[in-house]
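Just below is one structure, and these are the notes that go with it.
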Amino acid sequence: MNKQIITIVSLLTFSIGTTSLQAQSQPANSVSKYSYYDAFSPGFYSKNGTEIRSASGQPGAKYWQNKADYQLMAILDEKKNEVSGTEILTYTNNSPDKLSFLWMNVDQNLFKNDSRGELIVSVSGSRNGDKGQVFDGGHKIKFIKLISDQNGKFTERDLKFEIIDTRMQIFLPEELRPNGGKIKLKIDFSFISPNYGSDRMGVLETKNGKIFSVAQWYPRMCVYDDIKGWNSLPYLGAGEFYLEYGDFDVKITAPSNHIVVSSGELINSEQVYTAEQQKRWKLAAQSDKTVTIRSAEEVLKQDSRPAATGTLTWHFKIKNSRDVSWASSSSFVLDAAKINLPSGKKSLAISAYPSESAGQEAWGRSTEYTKSSIENYSKRWFEYPYPTAVNVATNAGGMEYPGIVFCDWKATGEDLWGVTDHEFGHTWFPMIVGSNERLFAWMDEGLNSFVNILSSYDFNNGEYKVNPRDMQRVGGFLTGTDLEPIMTAPDGMKEQNIGPLAYMKPSLGLKMLRDQVLGSERFDRALRIYVERWAFKHPTPDDFFRTIENVSGEDLNWFWRGWFVNNWKLDQGITKIKYLKNNPANGALVSIVNLEKMAMPVILEVKTKSGAVSRVKLPVEVWQRNIDWKFKLDTKEEIASITLDPDHVFPDVNPSNNVWENGKSELEKEPSLTAYVGKFSSKQIPIKITLTDEDGLLVGTPNNGQGALNFESAGKDKFVSVRAGVELQFNESKSEFTANMGGQSFLFTRN
Ligand SMILES: [Zn+2]
């Protein structure tokens, strides 16, 4: 679906971010919420790999999925806004289970007045549903018949079925056998299209006729898988789709003055286009520049349609697809251009729009956008699999289907590029990689929004490139307490949270993982392999996480856990620095702290008094067993400032503790060690310890042959060895100290 929501969200976060940046600088909160064992604990996966889904994230040796092949015949009644049709479904049960019933989606039932989806629309309205249109909506199913082939003799018999909201259960007279059993059904269906169909289909009035954008239009198989068995969650509006793959043969009968565009390849061009238009189609198939098939001026001319009375039937085919959608209108201006694919194969970019949308500022560039977008994604990730790619101007804000997308007819310039690129980006997620959208919106919207970021840089030398996001600005918003975790099903998110949680947070998280953790080459390789492994299959979130980890070789449980599974915040801070022996020429010790529950690597920029600037990078592992951390800078002069996350690449919710500034922030004085050195012994244990000053470090050497320990100053009269977990606390006169270790205390007195 489209990302218009995001634009609003970005504007909001921009203003939120500005406020927080202008907030008064506050001292670091010394109470940390961070728990390194929560953040890094092993056992991220609740299930082990199986023979169906390998622990490495690839489909296992016994991976299976069912198949749904459709023959669809539909008639469009322009006056009644009605689509009626017949479906011949061939369903193949590759699962190891016998099936005594089937579940299908009858999604048009969302638009019945009493549907669950309509009844959960809040008083203030919703993007979902039909915006309160009063009409006779919903799927009408006249019959479902089982087609049997008894030695070449076909018989049909009625099957019992029950419709429950947007699902339909079909009871089989005999169980469908496992491991390849096939069944053939004939279904008679019809529905009246809503004008506004949950922003995914509908009817738009234009000056030259209605534009019908037709989707969720025929009963579609629910997926039966190894995760849930039947995936029969209702269509409530927010959660999109989860569909089986198969081959489609589609015949659409529309008024003869209409042009029909659809998923797949048109088989009978000579019957539905004029001779001149067929010539132009051939030209377009050879052309990198957009070729007009039917101009705005020609739309009203009778000779721009073949001589026919009544209706024409359009025949399309598409293979290995999870769905088919189409659009029909008398108003369509048409243009097209060739798409060049990496293997040498060609596809065809097509745009269909009303003359109101024409022009170089608007849909006149749609074909150029479509071609460029698909060529780029094919190069970067996986080759585009369909013979055509159609962009249709409709009253849906932006919606994706295999080989066809519906975009806002009013969109122009950068917005039209953005929505076109986004909807065709969905070819890869979820059309090629067939994840479960109804449960995991981030797996399609998030991954797609991520590849859109790269695409915007690639298009036409960055004509519409978006500037890198200031993560400190959006960090507080993206981890705000009003947000659910990304892993929440979209139907379980507040409607206003779907933009941030399905699109923005996962895509920016993946960008962060790519740029700051794995590096672009390693990340891109892992994502490519994920797409290859799961092309035309059904991955789960674990299959994604496991693939990225296995290909990159990194255990990323801390990242998935903080950003995807939980809604954890990040707050890194600099607490203080000190010069060794209080002399800047000896270098400095910098103390940093992790205050919130999320861990991230550390990037610091150090400026010295003479103006020299350098960067320090620490891996995320500094937080694997520490809440705070101290490290040495080999500077030779006074430090002017140190800045954590200088490029704002991490979602730090409290940037006010990210800067240490000379003269303003805490400079710790190292105590003179003279008063502490000497020989000490204890009555409780037979060990003598000699403390010496070695280059500013207090070193304790026991007389029992064990190695010496370095102690660093840790407050008034206190020294610690982090390595050994020993703390020495001296008394005021330094005549004795208590050694605390492992919960025990031993008193040592000066000899
Ligand atoms: Zn989308």
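Converting from the sequence shown to my numbering requires adding 73 to each position, the first position being numbered 1. Think of the CB as a built atom: it goes at the ideal place given N, C-alpha and C, for glycine as much as any other residue.
Quick one, are the C-beta atoms of residue i and residue j less than 8 Å apart?
{"i": "H331", "j": "F264", "result": "no"}
{"i": "Y291", "j": "E160", "result": "yes"}
{"i": "R230", "j": "A469", "result": "no"}
{"i": "L277", "j": "A327", "result": "no"}
{"i": "Q350", "j": "I366", "result": "yes"}
{"i": "W490", "j": "Y442", "result": "yes"}
{"i": "S808", "j": "T822", "result": "yes"}
{"i": "L551", "j": "P728", "result": "no"}
{"i": "I284", "j": "A400", "result": "yes"}
{"i": "S755", "j": "L653", "result": "no"}
{"i": "I243", "j": "M177", "result": "yes"}
{"i": "K362", "j": "I412", "result": "no"}
{"i": "N75", "j": "E434", "result": "no"}
{"i": "R587", "j": "F596", "result": "yes"}
{"i": "G319", "j": "F184", "result": "no"}
Helix, strand or coil for residue i, going by three-state DSSP, please let me know.
{"i": "R240", "result": "strand"}
{"i": "S755", "result": "strand"}
{"i": "H495", "result": "helix"}
{"i": "I300", "result": "coil"}
{"i": "I81", "result": "Caution is warranted here: a pLDDT of 44 is assigned to I81, below 50, making its placement in the model unreliable, and no coordinate value can be reported."}
{"i": "P379", "result": "coil"}
{"i": "R293", "result": "strand"}
{"i": "N640", "result": "coil"}
{"i": "S714", "result": "strand"}
{"i": "L574", "result": "helix"}
{"i": "K255", "result": "strand"}
{"i": "T500", "result": "helix"}
{"i": "Q569", "result": "helix"}
{"i": "T747", "result": "coil"}
{"i": "P775", "result": "strand"}
{"i": "P273", "result": "Contrary to the premise, residue 273 reads as Arg rather than Pro in this sequence. The answer is coil: DSSP assigns R273 none of H, G, I, E or B."}
{"i": "S129", "result": "coil"}
{"i": "E248", "result": "strand"}
Could you give the residue range of the beta strand (DSSP E) that holds residue i?
{"i": "Q146", "result": "Note that residue 146 is Met in the sequence shown here, rather than Gln. Residues K140 to D150."}
{"i": "Q433", "result": "Segment: none, Q433 is in no beta strand (DSSP E) and carries neither H nor E."}
{"i": "E155", "result": "E155 to N166"}
{"i": "G282", "result": "G282 to V287"}
Could you tell me the boundaries of the alpha helix (DSSP H) in which residue i lies?
{"i": "F113", "result": "Y109 to F113"}
{"i": "W399", "result": "Looking at the DSSP string, W399 is not in any alpha helix (DSSP H); the run it does join, the beta strand (DSSP E), is W399 to S402."}
{"i": "V604", "result": "S593 to W607"}
{"i": "F523", "result": "L520 to D531"}
{"i": "M177", "result": "Looking at the DSSP string, M177 is not in any alpha helix (DSSP H); the run it does join, the beta strand (DSSP E), is L172 to N178."}
{"i": "N699", "result": "Counting along the chain, N699 falls outside any alpha helix (DSSP H), and DSSP gives it neither H nor E."}
{"i": "Q344", "result": "S342 to V345"}
{"i": "S439", "result": "S439 to R453"}
{"i": "Q802", "result": "No alpha helix (DSSP H) contains Q802, which is instead part of the beta strand (DSSP E) from V799 to F803."}
{"i": "S625", "result": "P614 to S625"}
{"i": "K355", "result": "A348 to A357"}
{"i": "F550", "result": "M544 to L551"}
Quick check: is any heavy atom of ligand 1 less than 7 Å from the C-beta of residue i?
{"i": "N201", "result": "no"}
{"i": "N75", "result": "yes"}
{"i": "E510", "result": "no"}
{"i": "N659", "result": "no"}
{"i": "E518", "result": "yes"}
{"i": "H212", "result": "no"}
{"i": "E155", "result": "no"}
{"i": "E473", "result": "yes"}
{"i": "N525", "result": "no"}
{"i": "N521", "result": "yes"}
{"i": "H721", "result": "no"}
{"i": "H499", "result": "yes"}
What does a CB cutoff of less than 6 Å around residue i pick up in its chain, not counting 5 residues either side in sequence?
{"i": "E800", "result": "V793 and N813"}
{"i": "P379", "result": "T347"}
{"i": "V826", "result": "The chain is shown only over 74 to 824; residue 826 falls outside these bounds and no answer can be derived."}
{"i": "D396", "result": "L316, Y474 and P475"}
{"i": "P503", "result": "E510 and D517"}
{"i": "D180", "result": "T239, Q289 and Y308"}
In its own chain, which residues sit with a C-beta less than 7 Å from the C-beta of residue i, not counting the 5 before and 5 after it?
{"i": "T716", "result": "L677, E678, N731 and V732"}
{"i": "L771", "result": "L746, Y749, L764, F784 and F792"}
{"i": "P612", "result": "V506 and S508"}
{"i": "A608", "result": "F455, I505 and V506"}
{"i": "Y118", "result": "D615"}
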